[in-house]
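*Asks:* Sharing a structure here in structure tokens format.
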Amino acid sequence: MKNIIKYPAQNTWETLLQRPVLEKTNLRNTVQEIFIEVRNEGDSALKKFSEKFDRVNIDNLLVAKEEIELAINQVSPELKEAVSQAKENIYQFHFAQKEKSDEIETTEGVVCWRESRAIEKVGLYIPGGTAPLFSTVLMLAIPAQIAGCKEIILCTPPQNDGSVNPAILYTANLCGISKIFKVGGAQAIAALTFGTESISKADKIFGPGNQYVTQAKQLAMEYNVAIDLPAGPSEVLVIADQTANPEFCAADLLSQAEHGTDSQVIFIATDETVFNETLKEIKKQLSDLPRNEIAKSALEKSSFILMENLDKSIEMSNFYAPEHLILAVDNPRNSVSKITSAGSVFLGNYTPESAGDYASGTNHTLPTNGFARNYSGVSLDSFVKKITIQEISKTGIQNIGKTIEIMAAAEGLMAHKNAVSLRLKSLENGI
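Under my numbering, think of the first position of the sequence shown as 3, with each following residue one higher.
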């Protein structure tokens, strides 16, 4: 933990809060080559890349029903119960986001409203690797189901033996997903972008991943496939005052540091005692973590800052725009209105970021790398399109017709004006 700073001047914030720089040499070219092969060769390219990157031979990309049934039996009753409770909470929070379609009469005879339509085909990418994120299945599949998406395709990397992590299969099955494919990395995103013999082309792609997956999602947009949001390494910013529990703060910081060597944590304290005790707790808890080497590497790229007061701390947080923001302060609700840029916010000593990752109900698919300044996290809205509708009566066109004619003429668009003028003339003539 080399970046320990006290009362930094504002003109140093940008350097102090700089995120880890990812190695991007030839990254786009590598992903582009994968895209070209998958587009041209389909399933055979996917199998070739599985052998190359995952070191496993895959005969059938689609997970068979027998594999799902086996996975269900491998998941412990305790985990099944936990997943069930998380599923219920996530469902409640996202179901409440359904929009009511209220008609608004903007002028007499002019009625406008908006309706939601599900995106028909969505592709969900679920990372495998050292930490298979079965929780992400819940975060993406549940709003997709609530939205009414007709086809939900899930891609996840195979394990060394060619199987898929049992918890991922169990959770996908619980969420009603039957199209599960053993495909990972940039090649999975390419398959969802173009479609192959086995995998349908998606209208929109969701899910986190490494820098290759992130680059692939960005490339997918160039082929007219939408994505959820820009994603990168996980991050958390914790603001603590004199009421904070240093043990809790340390645990929250480490919960993000263990995600990956490129993760970043920022700790801002307004109380020197809490600041010092939290640093001690980090060292103490770190030694007990199975992923302590990963966490150590992440901590080297992180910052621990002592600030003058809460307002200045929040100002710094807004400048950083964290994926996760924890307010371990007295009366945290009083500070919520001051937060302008954060993916998700956690209030008080008993709201760990882990709750949002798994079971509180909010979505854990959030903008990183400063994109919380201009992006929201995944929600029900991410899986729908909003269509505006208007209906104008004879009275309505008479009420707004002159306005339209004047504006169209001012822009030099006479056909626009004529579309209204003809209607007004027909009404004058009693047609």
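From the three backbone atoms N, C-alpha and C, an ideal C-beta is built for every residue, glycine too.
Whole angstroms is fine: what's the gap from R293's alpha carbon to A149's?
*Replies:* About 37 Å.
*Asks:* From the DSSP output, which residues share a beta bridge with S346?
*Replies:* Looking at the DSSP assignment, S346 forms a beta bridge with H326.
*Asks:* For Q266 versus A47, is the C-beta distance shorter than 8 Å?
*Replies:* Not a contact, by the Cβ cut-off of 8 Å.
*Asks:* For V166, which of helix, strand or coil comes out of DSSP?
*Replies:* V166 falls in the coil class under three-state DSSP.
*Asks:* Please name the residue or residues paired with Q266 in a DSSP beta bridge.
*Replies:* DSSP lists E237 as partners of Q266.
*Asks:* Thinking L327 and S319 are a contact (beta carbons under 8 Å), I'd like their distance in whole angstroms, please.
*Replies:* At roughly 6 Å, the Cβ-Cβ gap stays under 8 Å, so L327 and S319 are in contact.
*Asks:* DSSP state of T108, grouped into three classes?
*Replies:* Here T108 sits in strand by DSSP.
*Asks:* From L221 to N333, what does the alpha carbon distance come to, in whole angstroms?
*Replies:* Their Cα atoms are separated by approximately 44 Å.
*Asks:* Label D163 either buried or exposed according to how many other C-beta atoms from any shown protein chain fall within 10 Å of its C-beta, with 16 as the threshold for buried.
*Replies:* D163 should be labelled exposed.
*Asks:* Using CA atoms only, rank isn't needed, just tell me which of E325, E430, I399 is closest to V238.
*Replies:* Taking only the C-alpha atoms, the option nearest V238 is E325.
*Asks:* I need the boundaries of the beta strand (DSSP E) containing G40, first residue and last residue.
*Replies:* A small fix is needed here, since residue 40 is Val in this sequence, not Gly. Careful: V40 lies outside any beta strand (DSSP E), inside the alpha helix (DSSP H) at 29-43.
*Asks:* So the candidates are D230, G234, L231, T280; which of them puts its Cα closest to the Cα of N247?
*Replies:* Selected option, being the one with the closest Cα: T280.
*Asks:* Does the beta-carbon of M223 have 16 or more other beta-carbons within 10 angstroms, so that it is buried, or is it exposed?
*Replies:* The residue in question, M223, is exposed, as its Cβ has fewer than 16 Cβ neighbours within 10 Å.
*Asks:* By alpha-carbon positions, which one of I6, E413, I406, G414 ends up nearest to L424?
*Replies:* Ranking the options by Cα distance to L424, first place goes to I406.
*Asks:* Report the residue from T342, S315, S305 whose alpha carbon sits nearest the alpha carbon of S323.
*Replies:* Note on residue identity: the sequence assigns Ala, not Ser, to residue 323. The residue with the shortest Cα to Cα distance from A323 is T342.
*Asks:* For G125, list the residues DSSP reports as bridge partners.
*Replies:* The partner list for G125 (beta bridge, DSSP) reads I155, I207.
*Asks:* For T14, report the span of its alpha helix (DSSP H) as first-last.
*Replies:* No alpha helix (DSSP H) holds T14; DSSP gives it neither H nor E.
*Asks:* At which residues does the alpha helix (DSSP H) containing Q76 begin and terminate?
*Replies:* Start and end: 67-76.
*Asks:* Mind checking who L64 pairs with in its DSSP beta bridge?
*Replies:* L64 pairs with F183.
*Asks:* Within 8 Å (strictly less), CB to CB, does L64 reach chain B?
*Replies:* The question asks about chain B, but that chain is absent: this structure has only one protein chain.
*Asks:* Under the three-state reduction of DSSP, which class applies to R119: helix, strand or coil?
*Replies:* Strand at R119.
*Asks:* With a Cβ-Cβ cutoff of 8 Å, do R335 and L349 count as a contact?
*Replies:* It is a contact, given that the beta carbons lie within the stated cut-off.
*Asks:* Shorter than 7 Å, the distance from the beta carbon of L256 to the closest heavy atom of the ligand MN, or not?
*Replies:* The model depicted lacks the ligand MN and carries no ligand whatsoever.
*Asks:* Leaving out the 5 sequence neighbours to the left and right, which residues in its chain are closer than 6 Å to L126 when beta-carbon positions are compared?
*Replies:* Here the set comprises L142, L156, F208, G209.
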